[in-house]
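Below is one structure, written out as structure tokens, with a few remarks after it.
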Amino acid sequence: MPQYQNAVLKSHYLKIAPILAKLKNDQEVFYMANGHYASTWEELNIDLPTGARLSEEGPGTFYLGEGNRREYWTTTTYRIYVGHLGGQSGLEMAFYFDNSDLTYAGKHLCIAYKTQPRAVALCKNIGTYDSENDSYVRYIW
4 MPQYQNAVLK SHYLKIAPIL AKLKNDQEVF YMANGHYAST WEELNIDLPT GARLSEEGPG
64 TFYLGEGNRR EYWTTTTYRI YVGHLGGQSG LEMAFYFDNS DLTYAGKHLC IAYKTQPRAV
124 ALCKNIGTYD SENDSYVRYI W
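Going by the numbering used here, the sequence shown opens with residue 4, and the numbers climb by one from there.
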């Protein structure tokens, strides 16, 4: 069963990685046209993934899925972030924008909580070790 669960998690990542890359590219195009990144999905004026519901909690957030197993996607002025990837608590992805002034400008991060071995294995499989703290480990690609 663990191998099956690992395969499901990896296939979900492989399904959403192109969506994340497209949204990041849309932000880069917006930046070139406007001199800043869009802070909301509405400002970016794109079609969200099928099944997405905009959040009432913040203008840059939408959800995929239901209840505790839903993913949340946010855009800010420096990255696109997905939490609870595949409904898996403890697995996060962040695609940093090329022109952000942060250390991770232009990079992609996979963040796994150490209490989630499948999440750690997935991040390790797709990236290079970056850093860790008491709670999570980061891989970059």
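Backbone N, C-alpha and C fix where the C-beta goes; we use that ideal spot for every residue, glycine too.
V140 is bridged by DSSP to A115, E135. For the options E31, N9, S14, W144, the alpha carbon positioned closest to that of Y81 is the one of E31.
Judged by DSSP in its simplified three-state form, A97 adopts strand. Within the region 5-54, the alpha helix (DSSP H) runs of at least 4 residues that lie entirely inside it are, in chain order, 5-37, 44-47. The three-state reading of DSSP puts L57 in strand, counting E and B together. Counting of Cβ neighbours within 10 angstroms places V123 among the buried residues, the total reaching 16 or more. With a threshold of 16 other beta carbon atoms within 10 Å, G93 meets it and is buried. CA-to-CA, the gap between T64 and A41 works out to about 12 Å. If you compare the alpha carbons of I49, A55, T118, T79 with that of S103, the shortest gap goes to T79. In this structure L67 is in contact with E74, their Cβ atoms being roughly 5 Å apart against a cut-off of 8 Å.
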